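Reading through the structure tokens given below for one structure.
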Amino acid sequence: MNRRPRPAAPPSKVIPAVLAVAIVAAGFATLMVRLEVTQEGYRLSSLQMEIRNLQTENQRLKLETAGLESHQRLRALAPKYGLAAPASGHVVMMP
Numbered sequence: 004m005n006r007r008p009r010p011a012a013p014p015s016k017v018i019p020a021v022l023a024v025a026i027v028a029a030g031f032a033t034l035m036v037r038l039e040v041t042q043e044g045y046r047l048s049s050l051q052m053e054i055r056n057l058q059t060e061n062q063r064l065k066l067e068t069a070g071l072e073s074h075q076r077l078r079a080l081a082p083k084y085g086l087a088a089p090a091s092g093h094v095v096m097m098p
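Be aware that the sequence shown starts at 4, since it is given in our numbering, and climbs by one per residue.
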């Protein structure tokens with residue numbers, strides 16, 4: 004019967020422990036990266052919604068400005084404030 008020779012020193016437990024710590028650290032790092040990506044995705048979505056809302060408000064304000072600056076409206080308001088068209092000779096054209 005052939006017996007195996009017995010090793011002189013028991014196998015080291017340091018290498019498996021280091022590998023286990025490395026695997027746990029890599030898993031934790033992967034988890035943290037995925038969490039950051041998810042949070043940035045939500046932030047991006049929120050900013051895109053805010054952009055849409057601001058563009059809609061900007062369009063509404065442009066329409067309101069155009070209505071307030073319309074010549075028809077200003078002509079209708081002029082008599083209320085005592086404004087009239089200038090008499091001939093009151094307008095001077097500069098070269």
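Ideal placement from N, C-alpha and C gives every residue a C-beta, glycine not left out. What you are looking at is a predicted structure, and each value in this text was computed from that prediction instead of being measured.
In this structure, the straight-line span from the alpha carbon of I54 to that of Y84 is close to 40 Å. DSSP places E60 in the helix class (H, G or I) of the three-state scheme. At least 8 Å separates the beta-carbon of A79 from that of A87.
The C-alpha of P19 is placed about 37 Å away from the C-alpha of G44. Counted as a single uninterrupted DSSP element, the alpha helix (DSSP H) harbouring L80 occupies residues 74-80. Per the coordinates, the alpha-carbon of V24 lies some 42 Å from the alpha-carbon of M52.
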